[in-house]
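**Student:**
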Amino acid sequence: MTRTQNILLALLGGAGALGLAGVLFAVSLPADTAAAKPDPDLPLVTVYKNATCGCCKDWIKHMQDNGFRVEAHDVGNLLPYKEQARLGAGMGSCHTAFVDGYALEGHVPAQDVKRLLTEKPAISGLAVPRMPIGSPGMEVPGQAADAYQVISYKDGRETGVFSDYPAGQ
0 MTRTQNILLA
10 LLGGAGALGL
20 AGVLFAVSLP
30 ADTAAAKPDP
40 DLPLVTVYKN
50 ATCGCCKDWI
60 KHMQDNGFRV
70 EAHDVGNLLP
80 YKEQARLGAG
90 MGSCHTAFVD
100 GYALEGHVPA
110 QDVKRLLTEK
120 PAISGLAVPR
130 MPIGSPGMEV
140 PGQAADAYQV
150 ISYKDGRETG
160 VFSDYPAGQ
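This is the structure we're talking about:
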């Protein structure tokens with residue numbers, strides 16, 4: 000064999016070994032490392048959002064990572080869903096969701112949704128008005144979280160603060 004052939008053979012052998020190592024590594028990973036397995040005891044969350052909204056997609060991932068099955072619908076007009084949710088003035092955000100008879104407006108944390116489903120209060124739903132930095136789906140690396148509240152409401156009227164999240168957490 001010539002020197003060139005030996006070098007070529009060595010390079011191909013090294014590439015083959017790297018390829019085999021990559022395959023073995025991929026096989027050793029769990030089948031789905033990105034999302035948690037859905038909890039069969041949790042109801043389906045149906046989300047209505049704009050197709051281009053990245054933070055809505057991040058909130059959906061947050062819900063899936065916390066065991067919820069999520070069905071997302073990209074719609075051009077969110078107003079009918081916000082009306083169906085019976086939101087009041089100033090409660091709006093970028094997406095509207097429904098779960099087990101309740102409405103969820105905006106970046107409501109999964110832990111609050113689980114509490115809502117356990118306690119079953121006589122309300123229309125929960126809302127995180129606007130889009131506060133640090134709420135699920137609105138995390139910004141290197142930036143402290145805004146203070147925000149999860150508001151409970153019934154038929155367009157605020158009924159109280161369901162959860163309070165201080166700044167920086």
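Heads up: the sequence shown begins at 0 in numbering that gives the first Met the number 0, then just goes up one per residue.
We treat Cβ as the ideally placed atom computed from N, Cα and C, and that holds for glycine.
Values in this document were obtained by computation on a predicted structure and should not be read as measured data.
Which residues bound the beta strand (DSSP E) around E118?
**Tutor:** Stepping through the sequence shown from its first residue, residue 118 is reached at position 119. Note, E118: premise wrong, no beta strand (DSSP E); alpha helix (DSSP H) at 109-118.
**Student:** Between V46 and A71, is the Cβ-Cβ spacing less than 8 Å?
**Tutor:** The residue you call residue 46 lines up with position 47 of the sequence shown. The residue you call residue 71 lines up with position 72 of the sequence shown. Cβ atoms of V46 and A71: closer than 8 Å.
**Student:** Quick one: Cα of A143 to Cα of I132, how far?
**Tutor:** Taking the first residue of the sequence shown as 1, we reach residue 143 at position 144. Taking the first residue of the sequence shown as 1, we reach residue 132 at position 133. If you take the alpha carbons of A143 and I132, they lie about 8 Å apart.
**Student:** Buried or exposed: which applies to K48, given that a residue is buried once 16 or more other Cβ atoms fall within 10 Å of its Cβ?
**Tutor:** By one-based count along the sequence shown, residue 48 stands at place 49. When all chains shown are included, K48 counts as buried.
**Student:** My guess is that T95 and L77 are in contact by the Cβ rule of under 8 Å, so how many angstroms apart are they, rounded?
**Tutor:** Locating residue 95 in the sequence shown gives position 96, counting from the first residue. Locating residue 77 in the sequence shown gives position 78, counting from the first residue. Rounded, the Cβ-Cβ distance is 6 Å, consistent with contact.
**Student:** Relative to the C-alpha of G66, which candidate in C52, Y152, E104, D38 has its C-alpha closest?
**Tutor:** Here residue 66 corresponds to residue number 67 of the sequence shown, with the count starting at 1. The shortest Cα separation from G66 among C52, Y152, E104, D38 belongs to D38.
**Student:** If D111 sits next to L125, beta carbons under 8 Å apart, how far is it from one beta carbon to the other, in whole angstroms?
**Tutor:** For the purposes of this step, residue 111 is taken as residue 112 along the sequence shown, with counting starting at 1. For the purposes of this step, residue 125 is taken as residue 126 along the sequence shown, with counting starting at 1. Correct: roughly 6 Å between the Cβ atoms.
**Student:** When the Cα atoms are used, what is the spatial distance from S162 to I150?
**Tutor:** As a position in the sequence shown, residue 162 is number 163, starting the count at 1. As a position in the sequence shown, residue 150 is number 151, starting the count at 1. Going by the C-alpha atoms only, they are around 7 Å apart.
**Student:** If you measure between the beta carbons of S92 and H106, is that distance less than 8 Å?
**Tutor:** Taking the sequence shown and counting its residues from 1, the one referred to as residue 92 is at position 93. Taking the sequence shown and counting its residues from 1, the one referred to as residue 106 is at position 107. Their beta carbons are under 8 Å apart, which means S92 touches H106 by this criterion.
**Student:** From E157 to P140, what distance separates their C-alpha atoms?
**Tutor:** By 1-based counting over the sequence shown, the position of residue 157 is 158. By 1-based counting over the sequence shown, the position of residue 140 is 141. Approximately 32 Å between the Cα atoms of the pair.
**Student:** In this structure, how does DSSP classify L78 when only helix, strand and coil are distinguished?
**Tutor:** One-based indexing of the sequence shown puts residue 78 at position 79. L78: helix per DSSP, three-state reduction.
**Student:** Under the three-state reduction of DSSP, which class applies to H169: helix, strand or coil?
**Tutor:** Any property of residue 169 remains undetermined from this structure, which presents the chain solely from 0 to 168.
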